[in-house]
Amino acid sequence: MRNIVTRAAFAAGLMATAATPAFAATELTMYYPVAVGGPLTDVIDGMIDGFESEHPDVKVNAIYAGNYDDTRLRAVSAIKSGDPAQLSVMFSIDVYDLIEQDLIVPFDDVVKTAEDKEWLNGFYPALMANGKVDDKTWGIPFQRSTIVMYYNKDMFREAGLDPESPPQTWEELVADGKALAKDGKWGLMVPSTGYPYWMFQCFAVQNGKELMSNDGTETYFDDPAVVEALEFWRGLATDEKIMPEGTIEWGTLRQAFVQGQTAMMWHSTGNLSAVKREAKFDFGVAMLPKHKQSGSPTGGGNFYLFKNSTDAQKEASLELIKYMTAPDRAAEWSIATGYVGVTPEAYETDALKSYAADFPQALVARDQLEVAIPEFSTYDTARVRDGLNNAIQAALTGEKTPKEALEGAQAEANRLLRAFH
Numbered sequence: 094m095r096n097i098v099t100r101a102a103f104a105a106g107l108m109a110t111a112a113t114p115a116f117a118a119t120e121l122t123m124y125y126p127v128a129v130g131g132p133l134t135d136v137i138d139g140m141i142d143g144f145e146s147e148h149p150d151v152k153v154n155a156i157y158a159g160n161y162d163d164t165r166l167r168a169v170s171a172i173k174s175g176d177p178a179q180l181s182v183m184f185s186i187d188v189y190d191l192i193e194q195d196l197i198v199p200f201d202d203v204v205k206t207a208e209d210k211e212w213l214n215g216f217y218p219a220l221m222a223n224g225k226v227d228d229k230t231w232g233i234p235f236q237r238s239t240i241v242m243y244y245n246k247d248m249f250r251e252a253g254l255d256p257e258s259p260p261q262t263w264e265e266l267v268a269d270g271k272a273l274a275k276d277g278k279w280g281l282m283v284p285s286t287g288y289p290y291w292m293f294q295c296f297a298v299q300n301g302k303e304l305m306s307n308d309g310t311e312t313y314f315d316d317p318a319v320v321e322a323l324e325f326w327r328g329l330a331t332d333e334k335i336m337p338e339g340t341i342e343w344g345t346l347r348q349a350f351v352q353g354q355t356a357m358m359w360h361s362t363g364n365l366s367a368v369k370r371e372a373k374f375d376f377g378v379a380m381l382p383k384h385k386q387s388g389s390p391t392g393g394g395n396f397y398l399f400k401n402s403t404d405a406q407k408e409a410s411l412e413l414i415k416y417m418t419a420p421d422r423a424a425e426w427s428i429a430t431g432y433v434g435v436t437p438e439a440y441e442t443d444a445l446k447s448y449a450a451d452f453p454q455a456l457v458a459r460d461q462l463e464v465a466i467p468e469f470s471t472y473d474t475a476r477v478r479d480g481l482n483n484a485i486q487a488a489l490t491g492e493k494t495p496k497e498a499l500e501g502a503q504a505e506a507n508r509l510l511r512a513f514h
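Here you go:
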């Protein structure tokens, strides 16, 4: 792990120069949600190496902590055990809980210069929405996404469909899905494990309704438009027969798509570079189809600054975050992953302009920001979200009707959120 190597190297350096005065370094610990040793850690390590080269008075220990939940738990546990981190990338939707636990500080309290304030205002507004609470900025976008539709152009051709005209409405989605669902292959797959609430936001907003209030204190799970959205999702399998019944695994859906088991899938744009590497067929990427309106939630991780750190550490953390979100690095990260470049300036870099010219699929998630909504987030968000996830899965498996399931989830959300009204 990088933090071990860095600490060892730093200690060795101090020992080697014991005869001469050592400089006073500011040391930062950053928790980060990717698997240890994965290819993306190489990108992050490269960014940190570049930052340390430009800031020799700062040492960064990056701790790769697993998924988003693992990262939050490890970072918070470290803080409470007296071995705190100074910054972390965590779920953008953790913001209310982190504020409630008094663990983070707003960036508005740390930025000082006009240049810093200009940087703070330079991100896509849709990506900033989850990080803004009470007119303050608590989270800075880093690995951010929207949900897009991947589709197999070869299968479209074989079904007599135009490979350059993916479905743009729910009605076209069903019609195309029926033409594609044959020979043991499905027309569409939408994952319903891992992040079912996130996928459900797509259906709900496309049907004209968001799932929560802007201040995180109310949910609208039992609204008729929301119930209708879940009925449509379930009906894609039970009535239209274009999708398998029951739940569809988040973690294996990309493999199902690249293996030709489904002609279309809804998934994070964070999978784009992996699909590009793995697919042996011509594939397209499209915005999600609309019904009453277009829409997709944003998703992914934000940078947060932890409260229990010195002023020098906060200033160094800010410099690191500025470095990692600079246009060139944002472009590099987008190319490596498929995540959205977090600023318009990232798309003006030579690297991303050249990449998008050859691979225009890379621009779809960015373009969809025009109709994007914040990812589902409330106070007591983990328990409220679990209730919604359970309701969605109960409806998709036929355990409950969509109306019964969502009414139960709303009653539980009302109980959990009553204290925050």
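Sequence positions in the sequence shown follow this note's numbering and run 94 to 514. Beta carbons are placed, not taken as given, at the ideal position from N, Cα and C, and that holds for glycine.
State yes or no: is the C-beta of residue i within less than 8 Å of the C-beta of residue j?
i: Val378; j: Val351; result: no
i: Gly388; j: Gln236; result: no
i: Pro390; j: Pro453; result: no
i: Thr442; j: Asp460; result: no
i: Phe216; j: Val457; result: no
Can you tell me whether residue i is helix, strand or coil according to DSSP?
i: Val283; result: coil
i: Gln236; result: strand
i: Ile197; result: strand
i: Lys496; result: helix
i: Phe518; result: Within the shown structure, residues of the chain are numbered from 94 to 514, placing residue 518 beyond reach of any answer.
i: Ala207; result: helix
i: Val127; result: coil
i: Pro114; result: Any reading at Pro114 needs caution, since the residue's pLDDT is 35, under 50, leaving its predicted position unreliable; the model's value is listed next. In this structure, Pro114 counts as coil in the three-state DSSP scheme.
i: Gly388; result: coil
i: Lys302; result: coil
i: Gly143; result: helix
i: Glu321; result: helix
i: Ala504; result: helix
i: Gly480; result: helix
i: Leu398; result: strand
i: Ala178; result: coil
Grab me the residues of residue i's own chain with a C-beta within less than 7 Å of its C-beta, minus the 5 sequence neighbours each way, in chain order.
i: Phe116; result: Caution is warranted here: a pLDDT of 43 is assigned to Phe116, below 50, making its placement in the model unreliable, and the coordinate value is therefore given only provisionally. Around Phe116: Asp150.
i: Leu346; result: Met282, Pro284, Met358, His360
i: Pro114; result: Confidence at Pro114 is low in this model, with a pLDDT of 35, below 50, so its placement is unreliable and the value that follows should be read with caution. Cβ neighbours of Pro114 beyond the five flanking positions: none.
Below 6 Å CB to CB, which residues in the same chain sit around residue i once its five sequence neighbours on both sides are set aside?
i: Thr99; result: With a pLDDT of only 39 at Thr99, under 50, the local geometry of the prediction cannot be trusted, and no value is derived from it.
i: Val136; result: Ala429
i: Phe249; result: Pro256
i: Ile414; result: Ile233, Phe396
i: Glu505; result: Gly480
Select from the options the residue whose C-alpha is nearest the C-alpha of residue i.
i: Ala455; options: Ser470, Phe374, Ser361, Ile156; result: Ser361
i: Leu121; options: Asp308, Asp190, Leu398; result: Leu398
i: Ala429; options: Pro132, Ala118, Pro126, Pro260; result: Pro132
i: Val481; options: Phe374, Asp315, Tyr290; result: The question names Val, yet the displayed sequence has Leu at residue 481. It is Tyr290 whose Cα lies nearest to the Cα of Leu481.
i: Val188; options: Lys229, Arg167, Asp332; result: Lys229
i: Asn300; options: Ile233, Ala424, Leu411, Asp316; result: Asp316
i: Met242; options: Asp332, Gly280, Ala424; result: Gly280
i: Gly277; options: Ala424, Ile335, Gly224; result: Ile335
i: Gly363; options: Tyr432, Leu266, Asp202, Ala488; result: Tyr432
i: Leu489; options: Gly328, Arg476, Lys373, Thr418; result: Gly328
So the beta strand (DSSP E) residue i belongs to, where does it begin and stop?
i: Trp343; result: Per DSSP, Trp343 belongs to no beta strand (DSSP E); it is in the alpha helix (DSSP H), 343 to 351.
Within a Cβ cutoff of 8 Å, which residues of the same chain sit near residue i, ignoring the five residues on either side of it in sequence?
i: Thr262; result: Pro382, Lys383, His384
Terminal residues of the continuous alpha helix (DSSP H) containing residue i?
i: Tyr157; result: Note, Tyr157: premise wrong, no alpha helix (DSSP H); beta strand (DSSP E) at 151 to 157.
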